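Data first, discussion second: the structure below is written as structure tokens.
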Amino acid sequence: MKTHCPYCALQCGMHVSASGAITPRDDVPANAGGQLCLKGWTAGELLRTPDRLTRPLVRTPDGLRPASWETALDHVAGEIRRIQAAHGPDGMAVFGGGGLTNEKAYQLGKFARVVLRTSQIDYNGRFCMSSAAAACNRAFGVDRGLPFPITDIAQARTIMLAGGNPAETMPPFVRHLENARMRGGTLIVIDPRETPTAQLADLHLQVTPGTDLALALGMLHVAVADGHVDSGYVAARTTGFDDVVTSANSYWPERVERITGVPAYQIRAAVGLLARRPAMILTARGAEQHAKGTDTVTAFINLALALGLPGRPGSGFGCVTGQGNGQGGREHGQKADQLPGYRKIDDPAAREHVARVWGVRPDDLPGPGPSAYELLDSLGTGPRGLLIFGSNPVVSAPHAARITDRLRRLELLVVSDFVLSETAELATVVLPTTQWAEETGTMTNLEGRVLLRRRAVDPPPGARTDLRILADLSVRLGVTLPSQPREVFAELGRASAGGLADYSGITYERIDAETGVFWGGGPRMFLDRFPTPDGRARLIPVRHRGPAEEADDDYPLYLITGRLLAHYQSGAQTRRAPTLAAAAPEPFVEIHPSLAERLAVTPGAPLRVTSRRGSAVAPARISPAIRADTVFMPFHWACVNLLTNPALDPVSRMPEFKVCAVRVEPGT
Ligand code: SF4
Numbered sequence: 001m002k003t004h005c006p007y008c009a010l011q012c013g014m015h016v017s018a019s020g021a022i023t024p025r026d027d028v029p030a031n032a033g034g035q036l037c038l039k040g041w042t043a044g045e046l047l048r049t050p051d052r053l054t055r056p057l058v059r060t061p062d063g064l065r066p067a068s069w070e071t072a073l074d075h076v077a078g079e080i081r082r083i084q085a086a087h088g089p090d091g092m093a094v095f096g097g098g099g100l101t102n103e104k105a106y107q108l109g110k111f112a113r114v115v116l117r118t119s120q121i122d123y124n125g126r127f128c129m130s131s132a133a134a135a136c137n138r139a140f141g142v143d144r145g146l147p148f149p150i151t152d153i154a155q156a157r158t159i160m161l162a163g164g165n166p167a168e169t170m171p172p173f174v175r176h177l178e179n180a181r182m183r184g185g186t187l188i189v190i191d192p193r194e195t196p197t198a199q200l201a202d203l204h205l206q207v208t209p210g211t212d213l214a215l216a217l218g219m220l221h222v223a224v225a226d227g228h229v230d231s232g233y234v235a236a237r238t239t240g241f242d243d244v245v246t247s248a249n250s251y252w253p254e255r256v257e258r259i260t261g262v263p264a265y266q267i268r269a270a271v272g273l274l275a276r277r278p279a280m281i282l283t284a285r286g287a288e289q290h291a292k293g294t295d296t297v298t299a300f301i302n303l304a305l306a307l308g309l310p311g312r313p314g315s316g317f318g319c320v321t322g323q324g325n326g327q328g329g330r331e332h333g334q335k336a337d338q339l340p341g342y343r344k345i346d347d348p349a350a351r352e353h354v355a356r357v358w359g360v361r362p363d364d365l366p367g368p369g370p371s372a373y374e375l376l377d378s379l380g381t382g383p384r385g386l387l388i389f390g391s392n393p394v395v396s397a398p399h400a401a402r403i404t405d406r407l408r409r410l411e412l413l414v415v416s417d418f419v420l421s422e423t424a425e426l427a428t429v430v431l432p433t434t435q436w437a438e439e440t441g442t443m444t445n446l447e448g449r450v451l452l453r454r455r456a457v458d459p460p461p462g463a464r465t466d467l468r469i470l471a472d473l474s475v476r477l478g479v480t481l482p483s484q485p486r487e488v489f490a491e492l493g494r495a496s497a498g499g500l501a502d503y504s505g506i507t508y509e510r511i512d513a514e515t516g517v518f519w520g521g522g523p524r525m526f527l528d529r530f531p532t533p534d535g536r537a538r539l540i541p542v543r544h545r546g547p548a549e550e551a552d553d554d555y556p557l558y559l560i561t562g563r564l565l566a567h568y569q570s571g572a573q574t575r576r577a578p579t580l581a582a583a584a585p586e587p588f589v590e591i592h593p594s595l596a597e598r599l600a601v602t603p604g605a606p607l608r609v610t611s612r613r614g615s616a617v618a619p620a621r622i623s624p625a626i627r628a629d630t631v632f633m634p635f636h637w638a639c640v641n642l643l644t645n646p647a648l649d650p651v652s653r654m655p656e657f658k659v660c661a662v663r664v665e666p667g668t
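Position 629 of the sequence shown, counted from 1, bears residue number 629 in UniProt numbering, the numbering being contiguous throughout.
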């Protein structure tokens with residue numbers, strides 16, 4: 001059966017046999033001619049995981065115990081009624097995920113607003129793409145990760161990637177970079193680590209953690225000073241250029257070298273290479289997951305606009321989305337501030353349109369709610385009950401011990417999952433759900449291409465789809481919701497019609513016939529105009545500021561986090577795939593040899609890493625690939641997010657996952 005990978009935003013196409021055997025498809029452009037990474041090749045192991053849940057679990061004084069679906073759902077519905085009678089609609093909250101299909105993301109938003117009538121809904125994509133989305137929306141008037149087809153990358157003469165490591169996170173993406181290099185293209189990578197991707201680069205800018213914004217400002221300064229600005233493009237297609245030039249005046253390369261640690265000659269060289277158009281600037285989580293992530297992405301967009309890149313073939317600015325449905329997950333209304341079609345929830349016209357589709361009055365729809373971290377942090381004193389679909393915040397939320405404490409305070413915690421994740425272990429009710437190849441639904445990949453993930457194998461008896469679970473719960477609460485994906489997708493099309501992300505012309509049949517359908521009018525956006533009121537892109541002045549926590553005497557090192565080749569997100573899936581678990585069985589702390597010498601530790605020795613929020617122990621991995629002032633830990637285990645800083649970006653509400661101050665010492 002033709003379907004797509006359960007993991008990242010590339011959504012590689014694959015065939016899955018009835019027994020779960022995987023073979024790659026060569027008709028999906030993202031796969032770059034039939035590529036899969038280790039995660040994709042071993043995805044069948046997920047379908048055979050021995051600790052699969054097949055019966056609901058309800059907490060008793062003796063712990064979680066099996067129960068029938070009737071008992072579990074009746075209990076959940078009764079608890080929702082009790083909590084909302086005592087605390088009002090906002091006594092209940094919903095937390096979704098960027099890996100959910102479009103149908104589920106849509107239905108979850110509708111369930112929250114129509115069935116629960118709560119404003120308390122957000123999702124883990126807030127921890128992933130929110131800064132990039134906010135920056136793209138304010139500059140371009142729309143946010144589609146790559147506003148061009150992925151195959152355009154091969155045409156670029158220079159590609160600059162800020163804070164991404166696709167050689168590990170999505171290896172087939174590297175084939176697109178290599179295609180460009182085979183045509184004479186140049187790759188620039190900005191990263192505090194010499195990652196496998198940075199090792200492929202022609203120029204690696206090994207930036208100090210938390211200073212990408214200053215680096216982008218320095219590049220704009222050089223572009224202006226060295227005469228690389230595309231004045232005709234700027235005059236015809238943008239607004240705000242003069243203010244942005246003024247904001248970059250003081251970021252001359254030698255000053256930026258002092259802030260970022262990147263030599264001034266490298267900054268000049270990078271800009272010279274980008275000026276060899278067509279060129280692309282891409283950002284990923286390393287640049288985005290900061291308390292200034294929106295401004296950092298904005299600074300890179302300003303640079304791209306000054307160079308005249310967006311809206312030209314083989315050229316542009318894009319964000320490399322991470323989660324499997326990171327793009328679609330943010331379009332259909334599971335975000336605190338949005339309704340389907342990427343509409344703003346406080347826009348009266350948007351409320352009226354969506355309310356009409358949902359058969360309710362606009363005034364009955366709740367307003368915007370808190371962002372993901374703020375919602376999780378308020379549990380127990382704000383919402384008393386929470387339903388989680390497709391997320392594992394005990395591992396993935398910043399300041400994780402605090403969030404775990406908040407989850408423990410809940411009167412009702414319902415987790416829908418196919419295994420007992422770290423978060424499900426805390427639940428009062430666990431609902432066993434189907435997983436990727438056992439159900440049908442659409443995903444929107446990092447290009448904005450809507451794809452159909454088909455059911456290829458039978459789910460185990462006892463598991464239900466999330467759509468069915470939502471429908472079964474809703475009917476107990478007095479509302480009827482459809483449970484079939486095709487029906488939900490058709491309704492999603494009506495609800496999104498006329499919005500920024502308009503799916504109204506997309507059908508399962510078209511997706512089949514066209515191997516995916518782009519929303520936004522086609523594969524390449526911005527060719528003639530940007531979807532802003534005046535059709536021009538907006539340059540927005542931004543200023544550098546340091547990380548929320550600078551290294552100091554007590555916490556003298558920077559901690560950065562990231563992904564490994566063998567694992568995906570919180571690891572709830574990949575840690576259960578035997579091949580992947582064997583390839584990367586445990587977390588580690590990557591330190592520079594000079595730090596290892598100072599600490600007198602050898603490879604594999606336990607290291608204790610401590611931040612202002614907590615402490616974690618993992619074996620040392622000694623490597624010259626990391627800066628001497630920085631340590632790296634992967635985030636696939638319940639470990640590193642005990643340390644990370646929940647300081648929030650003022651625009652996107654993204655936590656500062658990617659840099660905090662720590663100390664490191666030998667110990668257990
Ligand atoms: Fe492709 Fe990503 Fe799946 Fe790897 S994890 S096979 S890159 S979709």
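A virtual CB, placed ideally from N, CA and C, is assigned to each residue, including glycine.
These numbers come from a predicted model, not from an experiment.
Contact under 9 Å by Cβ, residue i with residue j
i: glycine 145; j: leucine 446; result: yes
i: alanine 304; j: arginine 52; result: no
i: alanine 30; j: alanine 437; result: no
i: alanine 9; j: methionine 182; result: no
i: alanine 620; j: valine 589; result: yes
i: alanine 584; j: leucine 564; result: yes
i: alanine 400; j: asparagine 249; result: no
i: isoleucine 80; j: glycine 96; result: no
i: leucine 413; j: leucine 407; result: yes
i: phenylalanine 404; j: valine 394; result: Note that residue 404 is threonine in the sequence shown here, rather than phenylalanine. It is a contact, given that the beta carbons lie within the stated cut-off.
i: histidine 87; j: arginine 453; result: no
i: proline 166; j: valine 320; result: yes
i: glycine 163; j: alanine 291; result: no
i: methionine 443; j: proline 147; result: no
i: proline 541; j: serine 315; result: no
i: leucine 217; j: valine 256; result: yes
i: glutamate 352; j: leucine 500; result: no
i: alanine 350; j: arginine 343; result: yes
i: glycine 390; j: aspartate 347; result: no
i: proline 650; j: threonine 294; result: yes
i: threonine 561; j: threonine 644; result: yes
i: leucine 215; j: isoleucine 188; result: no
Element boundaries [beta strand (DSSP E), containing residue i]
i: residue 703; result: Any property of residue 703 remains undetermined from this structure, which presents the chain solely from 1 to 668.
i: proline 666; result: 660-666
i: methionine 633; result: 630-634
i: valine 429; result: 429-432
i: threonine 3; result: 2-4
i: threonine 283; result: 279-283
i: threonine 186; result: 186-190
i: valine 16; result: 13-16
Segment limits, alpha helix (DSSP H) that includes residue i
i: cysteine 136; result: 130-140
i: leucine 177; result: 171-182
i: alanine 306; result: 293-306
i: leucine 220; result: 212-225
i: leucine 274; result: 264-274
i: phenylalanine 241; result: 241-248
i: glycine 232; result: 231-237
Proximity test, Cβ basis, 9 Å: residue i and chain B
i: leucine 643; result: Of the protein chains in the structure, only one exists, and it is not chain B.
Open item on the list: Three Cβ pairs or more, each shorter than 8 Å: is that satisfied between the segment 195-210 and the segment 218-229?
Closed with: no
Task: Segments of 4+ residues assigned as alpha helix (DSSP H) that fall wholly inside the segment 23-77 - done: 38-41, 44-47
TODO: May I have a chain-ordered list of the beta strand (DSSP E) segments no shorter than 3 residues that lie completely inside the segment 375-420?
DONE: 385-389, 412-417
TODO: Taking 6 Å as the limit, tell me which residues put their C-beta closer than that to any heavy atom of ligand 1, in chain order.
DONE: Cys5, Tyr7, Cys8, Leu10, Gln11, Cys12, Leu36, Cys37, Lys39, Gly40, Met170, Pro171, Pro172
Task: Contained beta strand (DSSP E) runs [length at least 3] in the segment 559-616, N- to C-terminal order - done: 589-591, 606-610
Task: Contained alpha helix (DSSP H) runs [length at least 4] in the segment 88-166, N- to C-terminal order - done: 102-110, 130-140
Task: Segment contact, 8 Å Cβ cut-off, at least three pairs: the segment 108-115 with the segment 324-339 - done: yes
- [ ] Quick one: which unbroken beta strand (DSSP E) runs of 3-plus residues sit fully inside the segment 415-491? Chain order, please.
- [x] 429-432, 441-444, 449-453
Open item on the list: Does the contact criterion of 3 or more C-beta pairs under 8 Å hold for the segment 366-374 versus the segment 649-664?
Closed with: yes
Open item on the list: So, does the segment 556-573 touch the segment 30-40, judging by three or more C-beta pairs under 8 Å?
Closed with: yes
- [ ] Report yes or no: do the segment 148-158 and the segment 183-191 share at least 3 C-beta pairs separated by less than 8 Å?
- [x] yes
TODO: Count the C-beta pairs between the segment 623-633 and the segment 590-599 that are closer than 8 Å, then say yes if the count reaches three, no if not.
DONE: yes
Task: Contained alpha helix (DSSP H) runs [length at least 4] in the segment 309-359, N- to C-terminal order - done: 348-358
Task: Inter-stretch contact at 8 Å, needing at least 3 Cβ pairs: the segment 205-212 / the segment 542-552 - done: yes
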